[in-house]
Amino acid sequence: MTRLPQTLDNRHWVAKVSAAILAGGGMTFAIMAVLGRLIGTNGDPRSLSAQALMWLTAILWVLVLGTCFLFPTGRRAWAVLGGGCVVLWGLFLLLRALS
Amino acid sequence: MKIRSDILRVYREVHSWVGICVGLLLFVAFFAGAISMFEQPLQNLTSPQLDMPPPLPLSRTPDLLEKIFSAYPQARQTYTILLAPDRSIPGRVAWPVHPPHGHDAGPMFVATLAPDGALVVRQQAITPVAHFIDMLHQELGIPLPHAISRPFMGIIALLYGIALISGMLLFLPTLARNLFAFRFREGPRKLWLDLHNLLGFFSLPFHIVMALTSVVFAFHDPIFAVQSRVFGTSHASQHLPTHTRPHPITADQHPDAPLLTPTALVTSLGTQAPGFVPTTLAYSQGHGGMMLRVSGQDSRYSMRGPTAGFATVDPRSGKILSADYLPGHQKTGFAILTVFFALHFGSFGGNAIRWGYVVLGLAGAGMFYTGNRLWIDARRRREKAAGLSRDSLPTAILARLTPGWTAGCISGTAIILLLGLVKPDIMTGNAVTSVYYAVFLGSIAVFLFRPQKS
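Which chain is which? The protein sequence lines are F and A, in order. My numbering numbers the first residue of the first sequence as 1 and each following residue consecutively. My numbering numbers the first residue of the second sequence as 1001 and each following residue consecutively.
Shown next as structure tokens:
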């Protein structure tokens, strides 16, 4: 019998879920911030762009939470989502500095 | 479709643990939500009849307003003209007893004129049964303080999202084989499983909408707060799109001009938005002068609210100032976002859709019940295989809590509705709450402590 090179399990579920909530949440907010910057929204809750971005954030967060169990380890989950969070917020700050 | 077996195992664990954590709460949300589809008619049915003359014709409203303002000057600040008075607000004009804050207006005064022209004012006597059921729906049946209940609901909605994603993944590989399977001869487990999959698969779009909208309802304030921190800088404001400017600009230009009469206003709306049937004209004194928000229905389109769409209107000229939430007159983007709200509330297509939503809501509640039965059954089998002669404590508790909780929720709701119908006068807010929770907790206690069958 051959073993799969890497078998997925739920041993690190606390780390994976917390990564999805915290780092993943931060990353989805960063995606919102970058996109909002690119389309030039002003964040007024009455405006269409702000409402659309709010929906997008909620949907992305649910997706990250639902797929975080696919990371092989908790450490990997934190690295990818945390890394994404840092990079995207960096991109946002860069965009803000350039404008 | 083939998915690696270890991925399936991971998601089976995730699905069953998340499911067991949220199943009973979501049962209450869906059951109470299904009943709340007809919150307004239920509120009318369970409210005592106010002793008032019939509402006067719309054309005489200016008379009535004048008399109200001289007797109750505070009514000038906020008042509502009712174009379709019903049993719970049986007058032509209503205004809040206490200055309103936030969404909840609280108790209202209702007024009309007697045949001899005298002002008749009554305090609205609504039995809070229908509202209580709506709150059960919004707070998942757990009476937490308001500050916590929203985020709590949001967390449950996020878990519900995880349960949906994992459930979909689990069902996909066996979709073709098991979709229409209904194995009622192979023991209860297969039957519950087939029923669970059937309900889950065929109402999947409904569940996706419910999960996403609930997350948004719970967390939109914090997300908007982040947005205003992130985008609310001074050099962002130059991008201000024209349609986001504050509305009541035109209304301020002739502050001394008289307000349009309700009859003229309704006529003017009829030409600007044909097909839109206005039901209330809500006037309020804002920073920019008098503001007017018109609520109404148009069953040809999706509506933003549970029972209505809205327009901001200039109370002096009758011109529609904002059609962002006016059914059939929204810009494409707003119309798309409105569809999400309408899909949550079932506020499109009139009563046929509402009845459809009652069925979908009850089917959803049924799916959560079958999910719990599956969990209990799977644990029982595992415990039997491990050599236990009887259920372990957690299994036994859950096997009793599940029917107790669901029966308690259903019978509690039924009893407060019945009492509201028969004795609307005694059903105050506290009475409704105590009766419901007495029945609910009583039912759980009966199921938990009744002697075990041998």
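For glycine and all other residues, C-beta sits at the position ideal for the given N, C-alpha and C. From a predicted model like this one, the values you see are computed outputs, not experimental measurements.
Member of A/I1320, A/P1403, A/G1356 whose CA lies at the smallest distance from the CA of A/V1266: As a first step, residue 1266 of chain A is located in the second sequence; it is residue number 266 there, counting from the start. Comparing Cα-Cα distances from A/V1266 to each of A/I1320, A/P1403, A/G1356, the minimum goes to A/I1320.
Contact set for A/Y1357: own chain, Cβ-Cβ below 6 Å, skip 5 residues either direction: Here residue 1357 of chain A corresponds to residue number 357 of the second sequence, with the count starting at 1. If we look at A/Y1357 and ignore the five residues flanking it on each side, its Cβ neighbours are M1037, G1346.
Per DSSP, the bridge partner or partners of A/Q1285: Here residue 1285 of chain A refers to the residue found at position 285 of the second sequence. Answer is A/M1290.
Alpha helix (DSSP H) segment containing F/L70, residue limits: Position 70 of the first sequence, counting from 1, holds the residue named residue 70 of chain F. Annotation: F/L70 is outside any alpha helix (DSSP H) and is labelled neither H nor E by DSSP.
Contact under 8 Å by Cβ, A/G1514 with A/A1218: Since the first residue of chain A shown is 1001 and the last is 1454, residue 1514 of chain A is not available in this structure.
Beta-carbon separation (whole angstroms), A/R1092 vs A/L1119, contact threshold 8 Å: Position 92 of the second sequence, counting from 1, holds the residue named residue 1092 of chain A. Position 119 of the second sequence, counting from 1, holds the residue named residue 1119 of chain A. Wrong, their Cβ atoms sit about 11 Å apart, outside the cutoff.
CB-CB length for A/T1280 against A/L1082, believed under 8 Å: For the purposes of this step, residue 1280 of chain A is taken as the residue at position 280 of the second sequence. For the purposes of this step, residue 1082 of chain A is taken as the residue at position 82 of the second sequence. Between A/T1280 and A/L1082 a beta carbon distance of about 6 Å is seen, short of the 8 Å cut, so the two are scored as contacting.
F/L38 classed as buried or exposed, judged by whether at least 16 other C-beta atoms fall within 10 angstroms: Within the first sequence, residue 38 of chain F is the residue found at index 38, counting from 1. F/L38 comes out exposed.
Cut-off 6 Å between Cβ atoms - residues of its own chain near A/V1110, not counting five sequence neighbours on either side: Numbered from 1 along the second sequence, position 110 holds the residue referred to as residue 1110 of chain A. Answer for A/V1110: I1089, G1091, A1094, R1122, Q1124, listed in chain order.
Cα-Cα separation, A/P1315 to A/M1290: For this step, residue 1315 of chain A is matched to residue 315 along the second sequence. For this step, residue 1290 of chain A is matched to residue 290 along the second sequence. A/P1315 and A/M1290: Cα-Cα distance of roughly 7 Å.
Under 8 Å between C-beta atoms of F/T57 and F/M32: Along the first sequence, read from residue 1 onward, the residue named residue 57 of chain F stands at position 57. Along the first sequence, read from residue 1 onward, the residue named residue 32 of chain F stands at position 32. Their beta carbons are under 8 Å apart, which means F/T57 touches F/M32 by this criterion.
Three-state class that DSSP yields for A/R1400 in the structure shown: Taking the second sequence and counting its residues from 1, one reaches residue 1400 of chain A at position 400. Of the three classes helix, strand and coil, the one that applies to A/R1400 here is helix, per DSSP.
Through-space distance from A/G1023 to A/F1293, alpha-carbon basis: Within the second sequence, residue 1293 of chain A is the residue found at index 293, counting from 1. Within the second sequence, residue 1023 of chain A is the residue found at index 23, counting from 1. Phe is not the amino acid found at residue 1293 of chain A; the sequence shown has Arg there. For A/R1293 and A/G1023, the distance between alpha carbons rounds to 39 Å.
Close-in-space but distant-in-sequence residues of the same chain around A/Q1077 (CB under 6 Å, 5 per side omitted): Locating residue 1077 of chain A in the second sequence gives position 77, where the first residue counts as 1. Only Q1285 meet the Cβ criterion.
Any chain F beta carbon closer than 8 Å to A/I1003: Here residue 1003 of chain A refers to the residue found at position 3 of the second sequence. Interface residue (Cβ-Cβ distance to chain F less than 8 Å): A/I1003 is not classified as such.
Where F/T7 falls: helix, strand or coil (DSSP): For the purposes of this step, residue 7 of chain F is taken as the residue at position 7 of the first sequence. Of the three classes helix, strand and coil, the one that applies to F/T7 here is coil, per DSSP.
Secondary structure of A/A1094, DSSP reduced to three states: Here residue 1094 of chain A is taken as the residue at index 94 of the second sequence, counted from 1. Here A/A1094 sits in strand by DSSP.
C-beta neighbour in chain F for A/Y1011, strict 8 Å: For the purposes of this step, residue 1011 of chain A is identified with residue 11 of the second sequence, where counting begins at 1. Yes, A/Y1011 lies at the interface with chain F (some Cβ there is under 8 Å from its Cβ).
Under the three-state DSSP convention, the category A/P1480 falls into: Because chain A here runs from 1001 to 1454, residue 1480 of chain A falls outside it and cannot be looked at.
CB contact below 8 Å: A/I1320 versus chain F: Counting from one through the second sequence, the residue named residue 1320 of chain A turns up at place 320. No, because no Cβ of chain F sits closer than 8 Å to the Cβ of A/I1320.
Sequence-distant residues of its chain with Cβ nearer than 8 Å to A/F1069 (five each side left out): Looking up residue 1069 of chain A in the second sequence gives position 69. Taken in chain order, the residues that qualify are A1075, R1076.
A/L1337 at chain F interface by Cβ criterion, 8 Å: For the purposes of this step, residue 1337 of chain A is taken as the residue at position 337 of the second sequence. Chain F contact via Cβ: present.
Of the listed residues A/G1420, A/K1331, A/I1208, A/S1317, nearest to A/P1262 (C-alpha basis): Translated into the one-based positions of the second sequence, residue 1262 of chain A becomes position 262. Answer by Cα proximity: A/S1317.
6 Å CB neighbourhood of A/F1348 in its chain, flanking five on each side removed: Here residue 1348 of chain A refers to the residue found at position 348 when the second sequence is read from its first residue. Taken in chain order, the residues that qualify are S1302, A1342.
Cβ contact check for the stretch 16 to 29 of chain F and the stretch 76 to 96 of chain F: 3 or more pairs under 8 Å: yes
Within-8 Å CB hit, A/D1006 to chain F: The count along the second sequence starts at 1 and reaches residue 1006 of chain A at position 6. Yes - at least one Cβ of chain F is within 8 Å of the one on A/D1006.
A/F1030 at chain F interface by Cβ criterion, 8 Å: In the second sequence, counting from the first residue as 1, residue 1030 of chain A sits at position 30. So, not an interface residue.
Three-state secondary structure (DSSP) of A/R1245: Your numbering for residue 1245 of chain A matches position 245 in the second sequence. Note that A/R1245 has pLDDT 41, beneath the 50 cutoff, so the model's placement of it is unreliable and no number is given.
Interfacial residues, the stretch 69 to 80 of chain F to chain A, with Cβ spacing under 8 Å: Per Cβ criterion, the list reads F69, L70.
Proximity winner among A/Y1325, A/V1359, A/A1029, relative to A/H1137 (alpha-carbon distances): Within the second sequence, numbered from 1, the residue matching residue 1137 of chain A stands at position 137. If we check each option's Cα against that of A/H1137, A/A1029 comes out closest.
is_contact[A/F1171, chain F] using C-beta, thresh 8 Å: For the purposes of this step, residue 1171 of chain A is taken as the residue at position 171 of the second sequence. By this cut-off, A/F1171 is not an interface position.
Beta-ladder partner(s) of A/R1122, from DSSP: By one-based count along the second sequence, residue 1122 of chain A stands at place 122. A/R1122 is bridged by DSSP to A/V1110.
Helix, strand or coil at A/R1012 [DSSP, three-state]: Mapped onto the second sequence, residue 1012 of chain A falls at position 12. Note: A/R1012 maps to helix in three-state DSSP.
Chain A contact for F/V62 (CB, 8 Å cutoff): Taking the first sequence and counting its residues from 1, the one referred to as residue 62 of chain F is at position 62. It does; some Cβ of chain A falls within 8 Å.
Rounded distance between the beta-carbons of F/L53 and A/Q1330, thought under 8 Å: Within the second sequence, residue 1330 of chain A is the residue found at index 330, counting from 1. Within the first sequence, residue 53 of chain F is the residue found at index 53, counting from 1. With 8 Å as the limit, A/Q1330 and F/L53 do not qualify as a contact, their Cβ atoms being about 18 Å apart.
Helix, strand or coil at F/L94 according to DSSP, with G and I counted as helix: The count along the first sequence starts at 1 and reaches residue 94 of chain F at position 94. F/L94: helix per DSSP, three-state reduction.
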